[in-house]
DNA sequence: CAGGCGTTTAAGAAACGCTTAAGAAGTGCC
DNA sequence: GGCACTTCTTAAGCGTTTCTTAAACGCCTG
């Protein structure tokens, strides 16, 4: 999406009635530029930064298929939807293989057109790698490693990583051994397992990170005292 | 496209007749993995590295729409085509807005399905790095060979080359066996195949290049710890 | 200072990965 | 089309890492 408000849409449609109609239809959601022949379509397509294009097939001066092929050959990767009366499967194949991303036939349903355009312009929020800070350390769950702010990287085993992640997820909260046991180990294990892993972590990271709350359990961060 | 040969396709279709039929239809162009319910679809969708998915709407255990929404919410951006009998414009809008990229209704034209899948998986000539450096080695993907900085050249088989290229494409990223399996092998293969190829590569190149992340997968790159 | 609680160590058990070898599948050549 | 060769895939035995237990030792709290 190149813009903060509505996305930009290039509409290439020669029908004097349908063109303005579609433009008006899409206006609430897109900044629509309407051109009525292939040459103008090519010019605008090459020079502008469009978020999406809707192109008719039967166009004067330059055919829709030729227009799309020309745009693609120039490296324009903008999503393109063909909107046309030619509805044979064979025609669709030709249109899609020319480089378009979607193909709709007239008469069309306005809601479907809108939905298909949304699908073409949709961008996925690239999920930022979930990283957790623990004092001077940064935990990378996918890699199961922690790195200190000064670049030293220590790899953890699966259980070590789970335990550290659990404690770090809610700083200051005190976890009992039973809580940690049932959540990350086999419930039948001895509570002493937790102690062992806390020891491993303290040795790998640094003693100060995990605090012992005598008679209760373990915690990350400085709570009441 | 993640692979040198056919792209991987996850087909989720519960119809006992139509499923295998579509799978066979697409087989020449895709490495198809067929699953017959939403839960399996979700599992494969999340763990594998697919190039495209074809999903039916009416699925046992987990509805197609719910499946797509679940995949998208987990950050899976793979192109998805819905293939279903429900053809109302309203249904299409719902399907597309759930996160699919295209929507086809049964009965469908085989040629059109193929063309729409091509459109979804099409990648624009993004100048693929002709040479990739991996430690002291230089990978030439087109020739499927690696050369050490001191001139020794080792030729790789197709799978070896794909695996090495995949790992090298994103240094430091840890790839699970399932990801690599669906991307470069048949999804039905045993995960142990990956181990074998890693072993071949380590023998041909050098042990230190590919790092094992115990319990997770494999990785190229920064091993300092 | 005594009893409980936490820490540290070591060692056995279980899970996981490495290596090997052999059969299956694919490919090219005659 | 058959043959030889390469490549792919499976599976099983062995070695390594990780998990879990248990026991000895030290520290906190009343």
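Residue numbers (the numbering used here), protein chains in the order written: chain E, 1 to 225; chain Y, 1001 to 1225. Each residue gets a CB set at the ideal place from its N, CA and C atoms; glycine is no exception.
Residue interval of the beta strand (DSSP E) (run including residue i)
i                       : result
residue 1178 of chain Y : Per DSSP, residue 1178 of chain Y belongs to no beta strand (DSSP E); it is in the alpha helix (DSSP H), 1177-1184.
residue 30 of chain E   : Premise fails: residue 30 of chain E is in no beta strand (DSSP E) and is neither H nor E.
residue 1102 of chain Y : 1102-1105
residue 1211 of chain Y : 1210-1213
residue 1138 of chain Y : 1137-1140
residue 1173 of chain Y : Where residue 1173 of chain Y is concerned, there is no enclosing beta strand (DSSP E), given that its DSSP letter is neither H nor E.
residue 1147 of chain Y : 1145-1148
residue 9 of chain E    : 8-12
residue 1054 of chain Y : 1052-1055
residue 1061 of chain Y : First-last for residue 1061 of chain Y: undefined, no H or E at that position.
residue 132 of chain E  : 132-134
Cβ separation of residue i and residue j, assumed to be a contact under 8 angstroms, to the nearest whole Å
i                       : j                       : result
residue 104 of chain E  : residue 116 of chain E  : 7 angstroms
residue 53 of chain E   : residue 22 of chain E   : With 8 angstroms as the limit, residue 53 of chain E and residue 22 of chain E do not qualify as a contact, their Cβ atoms being about 12 angstroms apart.
residue 1109 of chain Y : residue 98 of chain E   : No, residue 1109 of chain Y and residue 98 of chain E are not in contact; Cβ-Cβ is about 17 angstroms, not under 8 angstroms.
residue 1197 of chain Y : residue 1163 of chain Y : 5 angstroms
residue 1102 of chain Y : residue 102 of chain E  : 7 angstroms
residue 1077 of chain Y : residue 124 of chain E  : 4 angstroms
residue 45 of chain E   : residue 10 of chain E   : 6 angstroms
residue 132 of chain E  : residue 165 of chain E  : 7 angstroms
Of the residues the options, the one placed nearest residue i, counting alpha carbons only
i                       : options                        : result
residue 1056 of chain Y : Y/1049, Y/1041, Y/1217, Y/1047 : Y/1041
residue 1012 of chain Y : Y/1174, Y/1198, Y/1082, Y/1164 : Y/1082
residue 1085 of chain Y : Y/1018, Y/1151, Y/1205         : Y/1018
residue 1202 of chain Y : Y/1161, Y/1175, Y/1176, Y/1073 : Y/1161
residue 100 of chain E  : Y/1087, Y/1111, Y/1118         : Y/1118
residue 1134 of chain Y : Y/1047, Y/1172, Y/1043         : Y/1172
residue 169 of chain E  : E/221, E/76, E/74              : E/221
residue 1142 of chain Y : Y/1148, Y/1149, Y/1156, Y/1152 : Y/1156
residue 136 of chain E  : E/128, E/148, E/144, E/130     : E/148
residue 1144 of chain Y : Y/1151, Y/1159, Y/1183, Y/1112 : Y/1159
residue 1217 of chain Y : Y/1007, Y/1034, Y/1048, Y/1033 : Y/1048
residue 1096 of chain Y : Y/1064, Y/1114, Y/1165         : Y/1064
residue 1071 of chain Y : Y/1043, Y/1094, Y/1087         : Y/1043
residue 226 of chain E  : E/50, E/146, E/204             : Residue 226 of chain E lies beyond the residue range present for chain E, which begins at 1 and ends at 225; the question has no answer from this structure.
residue 1091 of chain Y : E/92, E/93, E/87, E/113        : E/113
residue 1106 of chain Y : Y/1034, Y/1138, Y/1087, Y/1120 : Y/1087
residue 206 of chain E  : E/183, E/146, E/187            : E/146
residue 153 of chain E  : E/128, E/204, E/187, E/188     : E/204
Contact set for residue i: own chain, Cβ-Cβ below 8 angstroms, skip 5 residues either direction
i                       : result
residue 14 of chain E   : 36, 37, 56, 58, 59, 60
residue 193 of chain E  : 181, 185
residue 1190 of chain Y : none
residue 1213 of chain Y : 1174, 1219
residue 1067 of chain Y : 1012, 1038, 1041, 1042, 1045, 1055, 1059
residue 179 of chain E  : 217
residue 94 of chain E   : 65
residue 1140 of chain Y : 1130, 1131, 1146, 1147
Range of the contiguous alpha helix (DSSP H) that encloses residue i
i                       : result
residue 153 of chain E  : Premise fails: residue 153 of chain E lies in the beta strand (DSSP E), 153-155, not in any alpha helix (DSSP H).
residue 1190 of chain Y : It is not in any alpha helix (DSSP H) - residue 1190 of chain Y carries neither H nor E in the DSSP assignment.
residue 47 of chain E   : 38-47
residue 1082 of chain Y : Segment 1080-1084 is the beta strand (DSSP E) holding residue 1082 of chain Y; no alpha helix (DSSP H) there.
residue 65 of chain E   : 64-73
residue 120 of chain E  : 110-121
residue 1217 of chain Y : Element bounds for residue 1217 of chain Y: not the alpha helix (DSSP H) but the beta strand (DSSP E), 1217-1220.
residue 93 of chain E   : 89-97
Spatial neighbours of residue i in its chain, beta-carbon cut-off 7 angstroms, leaving aside the 5 residues before and after
i                       : result
residue 1016 of chain Y : none
residue 1025 of chain Y : 1110
residue 151 of chain E  : none
residue 1200 of chain Y : 1160
residue 120 of chain E  : 52, 79, 81, 101, 102
residue 1075 of chain Y : none
Cβ-based neighbour list, residue i, same chain, cut-off 6 angstroms, excluding 5 preceding and 5 following
i                       : result
residue 1039 of chain Y : 1061, 1062
residue 32 of chain E   : 9, 11, 23, 26
residue 1177 of chain Y : 1191, 1194, 1217
residue 1138 of chain Y : 1131, 1147
residue 1034 of chain Y : 1011, 1019, 1023
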